[in-house]
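Novice: Order-wise, the sequence lines are chains A and B.
Numbering of the first sequence is given in this note's numbering, commencing with residue 14 and proceeding in unit increments.
Numbering of the second sequence is given in this note's numbering, commencing with residue 10 and proceeding in unit increments.
Backbone N, C-alpha and C fix where the C-beta goes; we use that ideal spot for every residue, glycine too.
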Amino acid sequence: MNIQILAPTQKAITQTKFKEYFEDSLFQIIPFEQKLLNYLSSLSSHLIKRKESKLMPELMALGFWLRRSNLEKIKKEFFLHAKKSVINKPRGVVFHIAPKNVDTIFIYSWALSFLSGNHNIVRISSSGSSLISIILDEISALADTQEYDFINQTQSFLTYARNDDINSFFSQIANVRMIWGGDETVSIFKQLKTKPNTKDICFANKESIACIKSSAYLKLDEERSLKVTEDFYNDSYWFDQMACSSPKFIFFMGSKKENILCSSLFEKSLNRVLKKKDHYEDITASVSKLKNIFLAASKKNYLKSYDPASYDKATFIDINPEEFLNSTMKCQSGTFGKVFIEDIFDLDYVLKDNFQTLVYFGFSHSELEEFIHSNTKTSIDRVVPFGQALNFDKTWDGHDLMNELVRHVNLI
Amino acid sequence: MLSVQELLTRDPYELGQKEKESLILEHLCALTKRHFDNSVEYQNILESIDYFSATNISTVEEVPYLPVSLFKELNLKSIKEEDIFKTLTSSGTTSQMVSKIFLDKETASLQTKTLAAIMKSYLGNTRNPMIIVDCKSILKDSKIFSARGAGILGMATFGRNHFYLLNDDMTPDFKGLEEFLEKFPYQKIFIFGFTFMIWLHFLKELNKNNQTLDLKNSIIFHGGGWKKLEHLGISNQLFKDEIEKCLNIENVHNFYGMVEQVGSIYVECEEGYLHAPVFSDIIIRDFKTWKVLPIGSHGVVQTLSIIPLSYPGHSLLTEDMGIIHGVDDCKCGKKGKYFTISGRIPKVEVRGCSDTYTESEAP
Numbered sequence: 014m015n016i017q018i019l020a021p022t023q024k025a026i027t028q029t030k031f032k033e034y035f036e037d038s039l040f041q042i043i044p045f046e047q048k049l050l051n052y053l054s055s056l057s058s059h060l061i062k063r064k065e066s067k068l069m070p071e072l073m074a075l076g077f078w079l080r081r082s083n084l085e086k087i088k089k090e091f092f093l094h095a096k097k098s099v100i101n102k103p104r105g106v107v108f109h110i111a112p113k114n115v116d117t118i119f120i121y122s123w124a125l126s127f128l129s130g131n132h133n134i135v136r137i138s139s140s141g142s143s144l145i146s147i148i149l150d151e152i153s154a155l156a157d158t159q160e161y162d163f164i165n166q167t168q169s170f171l172t173y174a175r176n177d178d179i180n181s182f183f184s185q186i187a188n189v190r191m192i193w194g195g196d197e198t199v200s201i202f203k204q205l206k207t208k209p210n211t212k213d214i215c216f217a218n219k220e221s222i223a224c225i226k227s228s229a230y231l232k233l234d235e236e237r238s239l240k241v242t243e244d245f246y247n248d249s250y251w252f253d254q255m256a257c258s259s260p261k262f263i264f265f266m267g268s269k270k271e272n273i274l275c276s277s278l279f280e281k282s283l284n285r286v287l288k289k290k291d292h293y294e295d296i297t298a299s300v301s302k303l304k305n306i307f308l309a310a311s312k313k314n315y316l317k318s319y320d321p322a323s324y325d326k327a328t329f330i331d332i333n334p335e336e337f338l339n340s341t342m343k344c345q346s347g348t349f350g351k352v353f354i355e356d357i358f359d360l361d362y363v364l365k366d367n368f369q370t371l372v373y374f375g376f377s378h379s380e381l382e383e384f385i386h387s388n389t390k391t392s393i394d395r396v397v398p399f400g401q402a403l404n405f406d407k408t409w410d411g412h413d414l415m416n417e418l419v420r421h422v423n424l425i
Numbered sequence: 010m011l012s013v014q015e016l017l018t019r020d021p022y023e024l025g026q027k028e029k030e031s032l033i034l035e036h037l038c039a040l041t042k043r044h045f046d047n048s049v050e051y052q053n054i055l056e057s058i059d060y061f062s063a064t065n066i067s068t069v070e071e072v073p074y075l076p077v078s079l080f081k082e083l084n085l086k087s088i089k090e091e092d093i094f095k096t097l098t099s100s101g102t103t104s105q106m107v108s109k110i111f112l113d114k115e116t117a118s119l120q121t122k123t124l125a126a127i128m129k130s131y132l133g134n135t136r137n138p139m140i141i142v143d144c145k146s147i148l149k150d151s152k153i154f155s156a157r158g159a160g161i162l163g164m165a166t167f168g169r170n171h172f173y174l175l176n177d178d179m180t181p182d183f184k185g186l187e188e189f190l191e192k193f194p195y196q197k198i199f200i201f202g203f204t205f206m207i208w209l210h211f212l213k214e215l216n217k218n219n220q221t222l223d224l225k226n227s228i229i230f231h232g233g234g235w236k237k238l239e240h241l242g243i244s245n246q247l248f249k250d251e252i253e254k255c256l257n258i259e260n261v262h263n264f265y266g267m268v269e270q271v272g273s274i275y276v277e278c279e280e281g282y283l284h285a286p287v288f289s290d291i292i293i294r295d296f297k298t299w300k301v302l303p304i305g306s307h308g309v310v311q312t313l314s315i316i317p318l319s320y321p322g323h324s325l326l327t328e329d330m331g332i333i334h335g336v337d338d339c340k341c342g343k344k345g346k347y348f349t350i351s352g353r354i355p356k357v358e359v360r361g362c363s364d365t366y367t368e369s370e371a372p
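What follows is the structure in structure tokens.
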């Protein structure tokens with residue numbers, strides 16, 4: 014079977030060749046070595062300079078995240094928490110299974126693994142996007158210099174048609190498997206044999222919600238409320254609500270009166286933002302939205318009547334908190350489930366096991382802290398203010414990725 | 010109101026649009042009322058969506074419609090459990106969700122009869138020897154009919170001495186075909202199959218063997234969508250050309266239909282246009298406002314049918330795009346609207362981190 018290496022050097026390679034090559038691997042790089050930081054920050058400036066990045070906010074965001082000051086910050090934080098008796102070493106070979114569609118998230122996790130000094134094999138879906146080719150272009154171009162020749166020996170971005178044989182092969186080479194792609198991908202890979210001590214970091218299907226404190230939103234002046242709503246727009250519309258961190262349901266917290274007032278104001282404000290951004294749904298999204306509206310209408314336990322001609326507006330579908338857990342509504346294409354609650358602690362009993370991000374507005378740090386402490390479920394991995402839902406952080410899905418990707422050698 | 014039974018005795022294409030509309034409007038209003046009274050979900054939808062009404066409908070355009078995908082999410086029916094005679098399901102090979110259509114005896118019987126009336130105007134009254142480009146085993150599970158099985162059974166009644174061209178492994182049984190054709194030399198043969206299967210398992214296989222057949226005067230009916238062929242860049246014209254080259258058949262009819270409205274299908278005339286028979290009609294809508302578009306505009310296809318008595322499927326917004334080219338003036342002589350289908354609305358692509366690695370990526 015054919016494996017196609019896409020970067021740093023394009024070539025086809027057989028499993029046997031790959032094996033020979035990996036059996037001789039020596040792990041000579043140490044975590045946060047200077048050349049690693051240099052490489053990523055050069056990559057950062059190359060990505061930012063690309064003219065495409067003006068049109069692709071995801072590319073710009075990645076470039077921005079990879080800039081030197083952020084890398085230094087990650088390094089500083091890492092050593093701040095490191096134990097004195099511990100010497101940090103790379104874990105070895107990390108096999109990344111990247112998600113199929115347009116998303117840069119696996120580049121972030123690759124970068125963290127790279128900073129840890131690991132050798133990386135990144136399996137990219139064969140239906141690659143232009144965004145991914147730009148990134149791979151730049152990764153390859155930089156590796157072509159003598160300074161960064163080590164990239165060629167240690168990093169491989171590759172693709173192959175879905176094949177359990179090759180998946181098994183890489184799974185048995187890997188010391189760590191970083192499995193993106195949701196429940197189904199995770200379960201496929203969990204069935205494959207690995208080394209006994211291979212560590213799996215799995216990213217299952219996750220969903221996210223937003224929670225607004227109605228009284229706080231109602232106090233905002235027009236300009237401020239528009240700004241807050243625009244943050245929400247960025248969180249949810251950037252990936253058409255499909256990113257696991259994009260909020261699909263909005264909880265309004267307050268008295269019934271406050272919630273009704275606030276949600277109608279928020280809806281108006283969001284529609285203004287959509288107008289300003291010239292956002293409207295394409296035909297696929299418009300049809301899927303229509304289905305959502307009809308589905309909601311068929312159940313009828315909602316407060317208002319629907320207008321199917323809302324391709325340029327957000328659609329809010331009312332859901333009773335009691336029914337929220339059983340709701341199978343697919344929120345996408347500008348459809349949001351809307352839930353009224355009286356207290357933030359009410360969130361606890363509606364939380365599903367797969368909740369990732371709580372995007373909030375109007376709550377104080379101590380209120381949220383108290384809520385997280387009192388949370389009795391095993392879900393909610395991130396609690397972030399409006400506008401930051403999509404910001405990648407080394408603490409993701411409940412993992413401190415940086416710590417997972419290094420080996421801690423204890424010297425007493 | 011002229012009943013469906015009475016309509017069945019007439020030529021399905023003789024009524025001009027105006028006359029036809031006032032006729033089917035009565036049926037569609039009665040169906041809307043019937044489903045409103047007997048399906049909770051349908052009632053809820055009509056009550057929740059402002060511009061729909063169950064009673065105050067004065068034009069065909071005002072008949073409430075349902076997005077066809079709703080039949081994948083809900084069990085929509087207007088009959089009691091014990092009155093279900095047959096459940097049709099879409100083949101659903103690409104997605105796990107399948108449409109479920111519940112038929113009572115009356116609806117099932119009307120489906121058969123409307124199809125017969127439509128086919129009669131193309132095939133005449135005689136039943137000809139028939140080649141079915143599929144395998145016989147598809148019919149085995151009689152409890153739940155897949156769209157494919159139901160389609161074959163529905164069509165099989167219009168032919169005789171049926172020969173199933175494909176073996177269970179989808180390879181053509183050319184030896185059997187030879188024997189079949191020896192039995193009916195130079196006769197008009199009725200060939201039926203799904204567009205994609207005819208292309209892949211018949212025409213391409215003939216090509217592979219450098220073989221051609223002379224089935225002059227025969228007639229082909231094919232349907233089931235162009236999605237897979239579009240992928241290969243094969244147009245209706247190319248399909249027809251290839252049939253003429255391989256089989257020497259000029260009489261080729263594509264048809265447009267769906268499991269949600271079995272029976273009242275739209276058949277392509279010799280001018281290359283699909284025609285709405287008296288039992289059904291189409292409307293083209295704008296995907297932004299869902300308003301009706303004028304003749305010649307490209308938009309989302311809505312299909313109306315007066316057949317669905319047992320489920321609220323008499324007015325559906327499909328996931329197909331199409332254009333109405335004219336009304337009452339097709340050169341073929343058939344009255345009513347004539348149109349073409351230009352493709353399917355692209356599927357929602359999942360973006361983000363929980364994606365579908367599991368979907369086959371091999372071509």
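Starting from the Cα of residue 326 (chain B), find the closest Cα among B:354, B:346, B:342 and give me that residue.
Specialist: Measuring from the Cα of residue 326 (chain B), the nearest candidate turns out to be B:354.
Novice: Any contact between the region 308 to 315 of chain B and the region 327 to 335 of chain B? By contact I mean 3 or more CB pairs, one from each, below 8 Å.
Specialist: Segments in contact, yes.
Novice: Could you check which residue in A:199, A:214, A:262, A:56 has the C-alpha nearest to that of residue 408 (chain A)?
Specialist: The residue with the shortest Cα to Cα distance from residue 408 (chain A) is A:214.
Novice: Name the chain A residues whose beta carbon is nearer than 9 Å to that of residue 40 (chain B)?
Specialist: Neighbours of residue 40 (chain B) on chain A: none; closest Cβ ~18 Å, over 9 Å.
Novice: Is the region 32 to 43 of chain B close to the region 61 to 70 of chain B, with three or more CB pairs under 8 Å?
Specialist: Flag = yes, the region 32 to 43 of chain B and the region 61 to 70 of chain B touch.
Novice: Between residue 200 (chain B) and residue 140 (chain B), which are expected to be in contact by the criterion C-beta below 8 Å, what is the C-beta distance as a whole number of angstroms?
Specialist: The Cβ separation is near 5 Å, so the contact holds.
Novice: Can you grab the Cα-Cα spacing for the pair residue 159 (chain B) / residue 99 (chain B), in whole Å?
Specialist: Computed Cα separation, rounded: 10 Å.
Novice: Between which residues of its own chain and residue 112 (chain A) is the CB-CB distance below 6 Å, once the five residues before and five after are set aside?
Specialist: Around residue 112 (chain A): 193, 194.
Novice: Which residues of chain B have a Cβ atom closer than 7 Å to the Cβ of residue 311 (chain A), listed in chain order?
Specialist: Within 7 Å Cβ-Cβ: 50, 53, 54, 83.
Novice: Give the range of the beta strand (DSSP E) segment to which residue 133 (chain A) is assigned.
Specialist: It spans 132 to 136 - the beta strand (DSSP E) in which residue 133 (chain A) sits, taken as one unbroken run.
Novice: Starting from the beta carbon of residue 322 (chain A), find every residue of chain B whose beta carbon is closer than 8 Å, and list them in chain order.
Specialist: Within chain B, the residues near residue 322 (chain A) are 297, 298, 299, 300.
Novice: Quick check: is the beta carbon of residue 59 (chain B) nearer than 9 Å to any beta carbon in chain A?
Specialist: Residue 59 (chain B) counts as touching chain A.
Novice: Would you kindly work out how many angstroms separate the C-alpha atoms of residue 132 (chain B) and residue 349 (chain A), rounded to a whole number?
Specialist: For residue 132 (chain B) and residue 349 (chain A), the distance between alpha carbons rounds to 52 Å.
Novice: Can you give, in chain order, each stretch of the alpha helix (DSSP H) that sits fully within the region 144 to 225 of chain B and has at least 4 residues?
Specialist: Runs of the alpha helix (DSSP H) inside the region 144 to 225 of chain B: 156 to 165, 183 to 192, 213 to 217.
Novice: What are the boundary residues of the beta strand (DSSP E) that residue 68 (chain A) is part of?
Specialist: No beta strand (DSSP E) contains residue 68 (chain A), which DSSP labels as neither H nor E.
Novice: At the level of alpha carbons, what is the spacing between residue 119 (chain B) and residue 332 (chain A)?
Specialist: Using only the alpha carbons, I get a separation of about 40 Å.
Novice: Which of the three DSSP states is assigned to residue 294 (chain A) in this structure?
Specialist: Reduced to three states, the DSSP call for residue 294 (chain A) is coil.
Novice: Taking its Cβ as the centre, do 16 or more other Cβ atoms sit within 10 Å of residue 24 (chain B), making it buried, or is it exposed?
Specialist: It is buried - the Cβ of residue 24 (chain B) has at least 16 other Cβ atoms within 10 Å.
Novice: Can you name the residues of chain B whose CB is closer than 8 Å to the CB of residue 319 (chain A)?
Specialist: Result: 57, 58, 59.
Novice: Indicate whether the contact test is met: 3 or more Cβ pairs, each with one atom in the region 59 to 66 of chain A and one in the region 382 to 394 of chain A, closer than 8 Å.
Specialist: Contact between the region 59 to 66 of chain A and the region 382 to 394 of chain A is absent, because fewer than three Cβ pairs lie under 8 Å.
Novice: So residue 328 (chain B) contacts chain A; which residues on that side make the cut at Cβ distance below 7 Å?
Specialist: Per Cβ cutoff of 7 Å: 300.
Novice: Under the DSSP definition of a beta bridge, which residues are partnered with residue 307 (chain B)?
Specialist: According to DSSP, which records beta bridges pairwise, residue 307 (chain B) is partnered with B:332.
Novice: Between residue 75 (chain B) and chain A, is any beta-carbon pair separated by less than 9 Å?
Specialist: Interface residue, yes.
Novice: Answer with buried or exposed for residue 369 (chain B), where buried requires no fewer than 16 other C-beta atoms within 10 angstroms of its C-beta.
Specialist: For residue 369 (chain B), the pLDDT reaches just 33, beneath the cut-off of 50, and the residue's location in the model is therefore unreliable, leaving the point undetermined.
Novice: Report yes or no: do three or more beta-carbon pairs, one from the region 367 to 385 of chain A and one from the region 225 to 235 of chain A, lie closer than 8 Å?
Specialist: Because the criterion of three Cβ pairs below 8 Å is met, the region 367 to 385 of chain A and the region 225 to 235 of chain A touch.
Novice: Could you please give the first and the last residue of the uninterrupted alpha helix (DSSP H) stretch that includes residue 334 (chain A)?
Specialist: Where residue 334 (chain A) is concerned, the enclosing alpha helix (DSSP H) stretches over 334 to 337.
Novice: Counting only the same chain and skipping the five closest in sequence on each side, list residues whose C-beta sits under 8 Å from that of residue 305 (chain B).
Specialist: Closer than 8 Å at the Cβ level, and outside the excluded window around residue 305 (chain B), lie 332, 333, 334.
Novice: By the three-class DSSP mapping on this structure, what secondary structure does residue 185 (chain A) have?
Specialist: Helix at residue 185 (chain A).
Novice: Can you confirm whether residue 7 (chain B), when its beta carbon is compared against all beta carbons of chain A, has any partner nearer than 9 Å?
Specialist: Summary: the structure shown does not reach residue 7 (chain B), with chain B confined to residues 10 through 372, and so no result is reported for it.
Novice: Mind checking which residues open and close the beta strand (DSSP E) that includes residue 18 (chain A)?
Specialist: Residue 18 (chain A) -> beta strand (DSSP E) spans 16 to 20.
Novice: List the residues of chain A whose Cβ lies closer than 8 Å to the Cβ of residue 79 (chain B), in chain order.
Specialist: Those are 304, 307, 308, 311, listed as they occur along chain A.
Novice: Distance check for residue 152 (chain A) and residue 56 (chain A), CA to CA, integer angstroms please.
Specialist: If you take the alpha carbons of residue 56 (chain A) and residue 152 (chain A), they lie about 7 Å apart.
Novice: Could you list the residues in the region 220 to 240 of chain A with a C-beta less than 9 Å from some C-beta on chain B, going in chain order?
Specialist: From the region 220 to 240 of chain A, only 220 have a Cβ closer than 9 Å to chain B.
Novice: If contacts are defined as beta-carbon pairs under 8 Å, then residue 125 (chain A) and residue 59 (chain A) qualify, I think. What distance do you get, rounded to the angstrom?
Specialist: Not confirmed; about 19 Å, so no contact.
Novice: Going by CA-CA distance only, name the one from B:20, B:18, B:28 that's closest to residue 336 (chain B).
Specialist: Of B:20, B:18, B:28, the residue nearest in Cα terms is B:28.
Novice: Ignoring anything shorter than 3 residues or poking outside the region 62 to 116 of chain B, list the beta strand (DSSP E) runs there in chain order.
Specialist: Runs of the beta strand (DSSP E) inside the region 62 to 116 of chain B: 95 to 98, 109 to 112.
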